[in-house]
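K.L.:
Residue numbers (the working numbering): 169 to 422.
C-beta atoms are modelled at their ideal positions from N, C-alpha and C, and glycine is treated no differently.
Take this structure first; my questions come after.
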């Protein structure tokens, strides 16, 4: 089955101002979907919306901290009210840690990373589900990470948060599979985006990055990750539920 067009589908993409999220928003729009861009950076979000509009697509923007329930409610309500419903939620927004080992991870770093990478996606899924349940169908796609598949790909906070995303994905997949709602995730390897890594004293970053360079020949592109997201969200993946799809040039196979 081809992905085909997504004409008229209502899609929320978080972190859509740049990187993987922006590439996904553009792909959805080019296939006819109406896209709600949610991002903390207003300038980036508006720029992405303008790009979609210039190509003849439809996009709206909500700016704010997605770990704030009020912002989450605004994101979902805007998509539902503007586009007439909600078909697809892409929980993509995330941040990196400082590649710190547990003993070097302070409370602030832990709470910041877990809040953005795990709490915010949970809040969005919880807010989106009633609208999907009402119509008996929907698709949720999370951006997990190579770090969700192993313990040696990032620092402690990021690794734990992305393992949590895998657990959330699998839980939703099982709990809502009989309600017409599918939940999957991609697990990107190293990807050329603007997500910065601050490697600090005592960090495990050099070893992680060195291992990646030895095992994998190139960085992935945001559009390659976006292609996997759109596939999982589409009807072409209609029998795929609870999957964690590595998009990592084989790093997870090493």
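Go to residue 212, then tell me how far its alpha helix (DSSP H) extends in each direction, as first and last residue.
P.N.:
210-222
K.L.:
In the DSSP assignment, what residue or residues form a beta bridge with residue 202?
P.N.:
178 and 226
K.L.:
Contact check, residue 181 vs residue 260 under 8 angstroms by CB: the rounded distance?
P.N.:
6 angstroms
K.L.:
Go ahead and label residue 279 buried or exposed: buried means 16 or more other beta carbons lie within 10 angstroms of its beta carbon, across all protein chains shown.
P.N.:
exposed
K.L.:
Which word fits residue 178, buried or exposed, when buried means at least 16 other C-beta atoms lie within 10 angstroms of its C-beta?
P.N.:
Of the other Cβ atoms in all chains shown, 16 or more fall within 10 Å of the Cβ of residue 178; this residue is therefore buried.
K.L.:
For residue 171 and residue 269, I'd like the C-alpha separation in whole angstroms.
P.N.:
41 angstroms
K.L.:
Given a threshold of 16 other Cβ atoms within 10 Å of its Cβ, counted over all protein chains shown, does residue 303 qualify as buried or as exposed?
P.N.:
exposed
K.L.:
In three-state DSSP terms, what is residue 351?
P.N.:
Here DSSP, grouped into helix, strand and coil, assigns residue 351 to strand.
K.L.:
In terms of DSSP beta bridges, what is residue 414 paired with?
P.N.:
355
K.L.:
Rounded to whole angstroms, how far is the Cβ of residue 323 from the Cβ of residue 267, which I believe are closer than 8 angstroms?
P.N.:
Right, the Cβ-Cβ distance comes to about 4 angstroms (below 8 angstroms), so this counts as a contact.
K.L.:
Taking residue 258 and residue 213 to be in contact with their CB atoms under 8 angstroms, please state how far apart those CB atoms are, rounded to whole angstroms.
P.N.:
Going by Cβ atoms, the distance from residue 258 to residue 213 rounds to 14 angstroms, so no, they are not a contact pair.
K.L.:
What is the DSSP secondary structure of residue 255, reduced to helix, strand or coil?
P.N.:
In the three-state scheme derived from DSSP, where H, G and I count as helix and E and B as strand, residue 255 is classed as coil.
K.L.:
Helix, strand or coil for residue 172, going by three-state DSSP, please let me know.
P.N.:
coil
K.L.:
With C-beta atoms as the reference, is residue 250 less than 9 angstroms away from residue 202?
P.N.:
yes
K.L.:
Tell me the residue span of the alpha helix (DSSP H) that contains residue 398.
P.N.:
390-401
K.L.:
Round the Cβ separation of residue 406 and residue 387 to the nearest angstrom and send it over; I've been treating them as touching at under 8 angstroms.
P.N.:
Going by Cβ atoms, the distance from residue 406 to residue 387 rounds to 31 angstroms, so no, they are not a contact pair.
K.L.:
Starting from the N-terminal side, write out each stretch of the alpha helix (DSSP H) that is 4 residues or longer and does not extend beyond the stretch 276-348.
P.N.:
Taking only runs of at least 4 residues, the alpha helix (DSSP H) segments lying wholly in the stretch 276-348 are 288-303 and 324-344.
K.L.:
Within the chosen definition, does the stretch 304-311 reach the stretch 230-250 through at least 3 CB pairs nearer than 8 angstroms?
P.N.:
no
K.L.:
Can you tell me whether residue 239 is helix, strand or coil according to DSSP?
P.N.:
helix
K.L.:
Where does residue 422 sit, in a helix, a strand or coil, going by DSSP?
P.N.:
coil
K.L.:
How would you label residue 415, buried or exposed, when you count the other beta carbons within 10 angstroms and need 16 or more for buried?
P.N.:
buried
K.L.:
Output needed for residue 282: all residues of its chain with C-beta closer than 6 angstroms, excluding positions within five of it in sequence on either side, in chain order.
P.N.:
329
K.L.:
Using only alpha-carbon positions, find the residue among 316, 290, 244 and 338 that is nearest to residue 299.
P.N.:
244
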